Amino acid sequence: MKLPGWVRYYGDAVAVPAALVLIYVTFSLTSNAQGIAQVLAAMFMFVALAMWLGFRRLRVHAAAARYAGIGEPEPLLALADEELARRWLSTGTMSLQIYRAMAFNQLGRPTDALAALKAAGVTPGKRKSRSWQLLWGAADVEARTRLGDAAGARATYEQVVKPFTLLLPGRGIELIATECEARVRLAEGDAAGAKALVGPGLKDIRLGPGARAQLYAIVGACEAKLGDADAAAAANAKAHELAPHCAVLS
185 MKLPGWVRYY GDAVAVPAAL VLIYVTFSLT SNAQGIAQVL AAMFMFVALA
235 MWLGFRRLRV HAAAARYAGI GEPEPLLALA DEELARRWLS TGTMSLQIYR
285 AMAFNQLGRP TDALAALKAA GVTPGKRKSR SWQLLWGAAD VEARTRLGDA
335 AGARATYEQV VKPFTLLLPG RGIELIATEC EARVRLAEGD AAGAKALVGP
385 GLKDIRLGPG ARAQLYAIVG ACEAKLGDAD AAAAANAKAH ELAPHCAVLS
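By this note's numbering, the letter at position 229 of the sequence shown is numbered 413, and the numbering carries on one by one without gaps.
In structure tokens:
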């Protein structure tokens with residue numbers, strides 16, 4: 185049974201920190217702690233609070249990554265919207281807006297995705313937002329290619345996504361960059377080149393069903409442009425089988 189939103193919020197955002205403070209106060213009053221003992225107890229209390237708040241943030245990111253990976257855009261959007269409503273300050277909203285953009289893309293709403301990306305406040309090349317620029321760029325490429333903006337998608341890929349393959353080489357980053365490049369090539373009319381890029385990833389069991397569905401959708405669009413209607417239908421059917429809640433087709 186899913187708990188109401190207000191129960192989840194006050195349970196982990198208010199009750200737990202309040203309990204930690206109560207424990208510290210109780211310790212101070214019952215142990216007759218003086219001087220350095222009180223200071224050390226207070227320091228440990230603040231460390232515990234910081235660790236709890238960090239745990240909550242990590243839990244949100246893990247849940248968002250899971251929803252995106254398995255192709256569940258509606259829970260992803262609900263999670264991001266709920267967390268945004270909780271934030272009193274703008275700190276941490278950048279990642280939530282990017283998650284919203286990812287959800288909008290999976291729902292087939294690229295215009296809303298671009299609006300969320302704009303609200304994220306990411307500035308390509310700036311160190312302040314560097315940790316989120318790759319996912320921002322990938323979401324921007326997908327939204328622009330869905331809207332037919334091949335030139336804008338190419339610019340984002342070259343300026344934001346591609347440099348990460350050189351700065352932080354790794355399988356995960358390589359997969360994101362490959363999908364982005366395939367989308368750009370498809371939007372530019374190079375269906376054969378796009379198909380060749382994503383083909384090897386179709387059977388990669390390390391990818392979640394949502395990610396594989398996107399690759400199959402790209403292959404389906406490529407096959408359609410290349411004139412093979414049967415292959416396009418088969419790829420599109422596989423995409424919908426893997427991610428039935430996603431609007432994976434342009």
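Glycine residues also receive a C-beta, built at the ideal position from the N, C-alpha and C atoms.
Note that the structure is a prediction, hence the values are computed from the model and not measured.
Through-space distance from residue j to residue i, alpha-carbon basis
i: Phe348; j: Ala232; result: 35 Å
i: Arg330; j: Glu425; result: 21 Å
i: Ala264; j: Ser215; result: 43 Å
i: Ser434; j: Glu372; result: Residue confidence is low: Ser434 scores 49 on pLDDT, short of 50, so the model does not pin down where it sits. Its coordinate-derived value is still stated next. Each residue's Cα considered, the two are about 14 Å apart.
i: Ala412; j: Asp374; result: According to the sequence provided, residue 412 is Asp. The question's Ala does not apply to it. Each residue's alpha carbon lies about 15 Å from the other.
i: Gln218; j: Ser212; result: 8 Å
i: Ala337; j: Asn289; result: 14 Å
Counted within 10 angstroms of its Cβ, other Cβ atoms place residue i as buried (16 or more) or exposed
i: Ile220; result: exposed
i: Leu206; result: exposed
i: Leu301; result: buried
i: Gln343; result: exposed
i: Arg311; result: exposed
i: Ile360; result: buried
i: Leu410; result: exposed
Neighbourhood of residue i by C-beta distance below 7 Å, restricted to the same chain and skipping five residues each side
i: Arg271; result: Thr277
i: Lys422; result: Tyr400
i: Ala366; result: Ala378, Leu381, Val382, Ile402
i: Gly392; result: Gly253, Ile254
Of the residues the options, the one placed nearest residue i, counting alpha carbons only
i: His429; options: Pro201, Leu206, Leu301, Glu256; result: Glu256
i: Ala225; options: Lys310, Leu204, Ile389; result: Leu204
i: Ala405; options: Arg396, Asn420, Ala297; result: Asn420
i: Gln281; options: Asn289, Leu260, Ala303, Asp296; result: Ala303
i: Trp316; options: Tyr283, Met235, Thr295, Arg355; result: Tyr283
Contact with chain B by residue i, beta-carbon distance below 8 Å
i: Lys409; result: Protein chain content of the structure displayed is limited to a single chain, and chain B is not contained in it.
Same chain, Cβ closer than 6 Å to residue i, five either side skipped, listed in chain order
i: Met185; result: For Met185, the predicted model reports a pLDDT of 49, less than 50, meaning its position is unreliable; a value from the coordinates is still stated below. Closer than 6 Å at the Cβ level, and outside the excluded window around Met185, lies no residue.
i: Val244; result: Glu267
i: Glu364; result: According to the sequence as given, residue 364 is Cys; it is not Glu. Cβ neighbours of Cys364 beyond the five flanking positions: Ala322, Val325, Tyr341, Val345.
i: Ala285; result: Ala297, Ala300, Leu301, Ala323
i: Leu386; result: Leu399
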